[in-house]
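Accompanying notes for the structure given below.
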Amino acid sequence: MTRLILIAAISAFATVAVAADTPAPGTSTPRPVVSVIVNPESGLPVTFVGTVTAKIEADLGFPLAGSIAERPVSAGDTVARGEVLARLDPEDLDAALRAAEAGVTVAEAQLRSATDARDRAEVLARRGVGSATRLDDAERARVAAAARLEQAQADVARARDMLGLATLTAPQDGVVTSVSAEPGATVAAGQPVLRLAATDEREVAIDLTEQDVAAHPLGTRFVVRLVANPEVAADATLNRIDPVAFAATRTRTAHLTLQNAAMEFRLGALVRVTRAAEADAGVALLAAAILDADATPAVWVVAGADRRVERRPVTLGPAVGDFVVVASGLNAGDEVVTKGIHSLEDGQPVGPRVTE
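All residue numbers for the sequence shown refer to our numbering, where the first residue is 1420 and numbers rise by one.
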């Protein structure tokens, strides 16, 4: 009997304890929310790492075949416009020039002789001693000699041009980025000897995913800073995106034109590229935090001491990746819900803020 009373007492106590821990009907604990606090200084987190490159880079070679006699520059050398980059062995070309000059000497002598013969025939014809036919023949011989002289002079000019082409000079200021032929090597006409990158026009190359490409139209402005010295900065504008993506990375190379860049932006320098503040005006939020983005965009803002959500209409700016700019509708210090937005109702109380 005592045992039954004890069991009944324990059961009654357990029932009371459970009842005490059970929320009253119609009440529930507000769930925590993942949210962010609006910071007016926040911008789109769009930063890329790139490299300073030359806008113009070309392979240079000789327009004629020959053996390289010297190449006074090496990869990495800075050269000025007109500076000698390489020379071919001029022996054969010098011989050709001397032969052409000798041809001019012979042609000049032949022309003098033909001219004298024509003059004598003309005198004789005027005296009635020589025939008109002989005078005509002498004139034709003089004309032919004059033509041979012109041909010989053209051969000299051509030989001099060929000799000049045996010297490879820099077409503009630049940096030798690579060499592909050494002194003593025989090269064909047009075969690259070295590669020259112009330094007067520099750009920055960065890799963009297809999503980034869609978010950055041509003309987008960026700020470029040297990784080695972030204090050195320059403005840049997106002017070209390669049409074909790299198969391995599925990214495309974007080319940004540097504007008034300091000399510290040397070719090959590593830089950090950030979208310019003018393009990022507003507050950046995750696109997933926007309600009805295609119709009447709004966000859930936690307001009041009782922490209730209210639907706040906003105006959207450009989207970049997973983020979108909220151009207006939010104030500094607003708490915006970023996850679980479709399970909330206007005026619903929420629990404490949770950060990711």
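Note that beta-carbon positions come from the ideal geometry of N, C-alpha and C, so glycine has one too.
Distances from the CA of Phe1684 to each of Ser1454, Arg1669, Asp1711 and Ala1647 were compared; the closest alpha carbon is that of Ala1647. In this structure, the beta-carbon distance from Asn1679 to Ala1695 does not fall below 8 Å.
If you compare the alpha carbons of Ser1493, Val1598, Thr1693 and Asp1555 with that of Val1623, the shortest gap goes to Thr1693. A direct Cα-Cα distance of roughly 21 Å separates Val1690 from Thr1497. With respect to the C-alpha of Ala1688, the residue from Asn1750, Leu1735, Thr1618 and Val1721 having the closest C-alpha is Thr1618. Shortest Cα-Cα distance from Val1643 to any of Trp1719, Pro1636 and Ile1625 involves Ile1625. Thr1757 is positioned such that its CB atom lies no closer than 8 Å to that of Ala1746. Within the stretch 1586–1650, the runs of alpha helix (DSSP H) at least 4 residues long that lie entirely inside it are, in chain order, 1629–1634.
Under the DSSP definition of a beta bridge, Ala1722 partners with Arg1727.
When DSSP states are grouped into helix, strand and coil, Gly1469 belongs to the strand group. Cβ contact annotation for Pro1509 (same chain, cutoff 8 Å, sequence separation greater than five): Ala1488, Leu1582 and Ala1585, in chain order. Unbroken beta strand (DSSP E) stretches of 3 residues or longer found wholly inside the stretch 1474–1520: 1476–1480, 1485–1489 and 1503–1507, given in chain order. Contact between Ala1738 and Ala1673 is ruled out by a C-beta separation of about 18 Å, above the 8 Å threshold. Collapsing the DSSP output to three states places Val1575 in a helix. Separation of Ala1578 and Glu1520 (C-alpha to C-alpha, rounded to the nearest whole angstrom) is 9 Å. Residue pairing of His1674 in beta bridges, as defined by DSSP: Ala1624 and Arg1659. According to the DSSP assignment, Ser1747 belongs to the beta strand (DSSP E) that extends over Phe1742 to Ser1747.
Between the beta-carbon of Val1595 and that of Gly1495 there is about 7 Å, and that keeps the pair under the 8 Å contact cut.
If you check the CB distance, Val1523 and Val1575 come in under 8 Å. Selection Ser1762, Leu1483, Ala1518 and Ser1599 evaluated against Ala1573 yields Ala1518 as nearest (Cα-Cα).
The alpha-carbon of Leu1554 is positioned some 6 Å away from that of Glu1541. In this structure, the CA atom of Glu1754 is about 17 Å from the CA atom of Val1743.
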